[in-house]
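Protein chains: 2
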Amino acid sequence: MLNDFPLTLKKLNLKVTPKRLAILEILLKESVYLSPEEIWKKMKKRFNRIGLPTVYRNLEELSEGNIISKINHPNRQLYYYLCQNRSHHHHFICLSCRKVEDISFCAAKEIEGEVKRNIRGKILSHILQVNGLCKNCLEKKG
Amino acid sequence: MLNDFPLTLKKLNLKVTPKRLAILEILLKESVYLSPEEIWKKMKKRFNRIGLPTVYRNLEELSEGNIISKINHPNRQLYYYLCQNRSHHHHFICLSCRKVEDISFCAAKEIEGEVKRNIRGKILSHILQVNGLCKNCLEKKG
DNA sequence: AATTTAAATGAAAACCATTTCTACTTAATC
DNA sequence: GATTAAGTAGAAATGGTTTTCATTTAAATT
Chain L
1 MLNDFPLTLK KLNLKVTPKR LAILEILLKE SVYLSPEEIW KKMKKRFNRI GLPTVYRNLE
61 ELSEGNIISK INHPNRQLYY YLCQNRSHHH HFICLSCRKV EDISFCAAKE IEGEVKRNIR
121 GKILSHILQV NGLCKNCLEK KG
Chain S
143 MLNDFPLTLK KLNLKVTPKR LAILEILLKE SVYLSPEEIW KKMKKRFNRI GLPTVYRNLE
203 ELSEGNIISK INHPNRQLYY YLCQNRSHHH HFICLSCRKV EDISFCAAKE IEGEVKRNIR
263 GKILSHILQV NGLCKNCLEK KG
């Protein structure tokens, strides 16, 4: 994965601001899904003036650009993580430590087959989210 | 699918109230995902006194009992649909008319294989949601 | 390097879906 | 039919997210 964030931002017609870069750096460093408020708290350590709406706005823009992605979480809160692959959003999330890892396996073909056969509809996108416990968290418990 | 709602409710230790049954009947009749407020509006036609919190509470309880299920939707609002299969939550949702249809295909084995091999974690659950346009909506456009 | 301008930001306020609280009502058991 | 635990209405509170608007900044232009 290429993490030349300034270049990525330019390609999306987003200005390269220190705050935007900081959000991406935080998500890269943590490799864990975070809520806007959690990101904001980490931002406050770097910037003396940083508003929560700025974090929300940027997360939404970065999400639209597929640099980061939202987690489908049962509660109302939003969670974001840095995409390891911008076009493929299949991931394993650890319910204990929140770590997000890519799953390369994709059943797109098989699903397409079934949808064509039974539902006779058109697929526009799909979500595969596997919830579980990551290697580290399993070892801690064992 | 067996839709003996009173029996299903009893099994979950939920009292069989007219309002609970009405929520299930509405979701069965519509076969479309609905928000709590949308369900509430339909309920108001049947009951002269019906509070929105009652709808929320019941939806949550029914969801815990796997009779109904939540949709993973980009906006913050909750959406529910009646499960066609209580143990298997793979579905195709139409982005135009909101119809929800079951997908029987399941890649659990393949995913399990990859998670064991690469991630070395433990799977607890998974979500497969396919978004698209259903047969009816495709034909309308064509 | 200074000028320009469209985009980004902070702070306060608004928004609104969801939850809580309390007193009242009802389903189910005996 | 009486009892009791569960369910409900209505009002108020909650809290995550968005809007507004005045100010600041990135970066294109001169």
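Line order of the protein sequences matches chains L and S. Position 106 (the first sequence) corresponds to 106 in this note's numbering; numbering is contiguous. Position in the second sequence (from 1) plus 142 gives the number in this note's numbering. Using N, Cα and C, we set each Cβ at its ideal position, and we do this for glycine too. Keep in mind that this is a model prediction, so the values were computed, not measured.
List the residues of chain L that residue i touches, going by C-beta distances under 7 Å, in chain order.
i, result
"S/V272", "I111, V115, I123, H126"
"S/L201", "Chain L residues near S/L201: none, gap ~13 Å exceeds 7 Å."
"S/L280", "G121, K122"
Hey, quick one: how far does the alpha helix (DSSP H) through residue i stretch, first residue to last?
i, result
"S/V197", "194-206"
"S/F189", "It is not in any alpha helix (DSSP H) - S/F189 carries neither H nor E in the DSSP assignment."
"S/N159", "Checking the displayed sequence, the identity of residue 159 of chain S turns out to be Thr instead of Asn. Per DSSP, S/T159 belongs to no alpha helix (DSSP H) and is neither H nor E."
"S/P216", "Per DSSP, S/P216 belongs to no alpha helix (DSSP H) and is neither H nor E."
"L/K11", "5-11"
"S/A250", "250-256"
Hey, how far is the Cα of residue i from the Cα of residue j?
i, j, result
"L/L27", "L/L59", "11 Å"
"L/T17", "L/S69", "20 Å"
"S/N208", "L/L9", "42 Å"
"S/W182", "S/V197", "6 Å"
"S/N278", "L/G51", "46 Å"
"L/C97", "L/Y33", "9 Å"
"L/N48", "L/P36", "17 Å"
"L/L21", "S/K186", "50 Å"
"S/S205", "S/L149", "16 Å"
"S/L266", "S/S173", "28 Å"
"S/V257", "L/V100", "12 Å"
"L/E25", "L/R76", "25 Å"
"L/R117", "L/C134", "36 Å"
"S/S246", "L/R57", "38 Å"
"S/C248", "L/C106", "11 Å"
"S/L220", "L/N72", "12 Å"
"L/N13", "S/C225", "42 Å"
"S/K264", "S/K157", "36 Å"
"S/K283", "L/R120", "14 Å"
"L/I23", "S/H268", "28 Å"
"S/E180", "L/F5", "42 Å"
"L/K19", "L/E61", "13 Å"
"L/P53", "L/P74", "23 Å"
Who does residue i pair with in a DSSP beta bridge?
i, result
"L/E139", "According to DSSP, which records beta bridges pairwise, L/E139 is partnered with nothing at all."
"L/D102", "L/H91"
"L/N131", "L/I93, S/S267"
"S/I210", "S/L224"
"S/L170", "Paired residues: none, contrary to the question."
Report the neighbours of residue i on chain S: residues whose CB is nearer than 9 Å to its CB, in chain order.
i, result
"L/C134", "I261, R262, G263, K264"
"L/I143", "Any answer about residue 143 of chain L is impossible in this case: the structure gives chain L only from 1 up to 142."
"L/A107", "F247, C248, A249, E252, I253, L270"
I want to verify the contact list: residues of chain S whose CB lies under 7 Å from the CB of residue i, in sequence order.
i, result
"L/R76", "R218"
"L/N72", "N214, I269"
Chain S partners of residue i, CB-CB under 8 Å?
i, result
"L/C94", "G263"
Name, please, each residue of chain L whose Cβ falls closer than 8 Å to the Cβ of residue i.
i, result
"S/I181", "Per Cβ cutoff of 8 Å: no residues; S/I181 is ~18 Å from chain L at best."
- Query: With a cut-off of 8 Å, do at least 3 Cβ pairs link the segment 226-242 of chain S to the segment 92-105 of chain L?
  - Reply: no
- Query: If we count Cβ pairs, one from each stretch, closer than 8 Å, do we get three or more for the segment 123-130 of chain L versus the segment 252-269 of chain S?
  - Reply: yes
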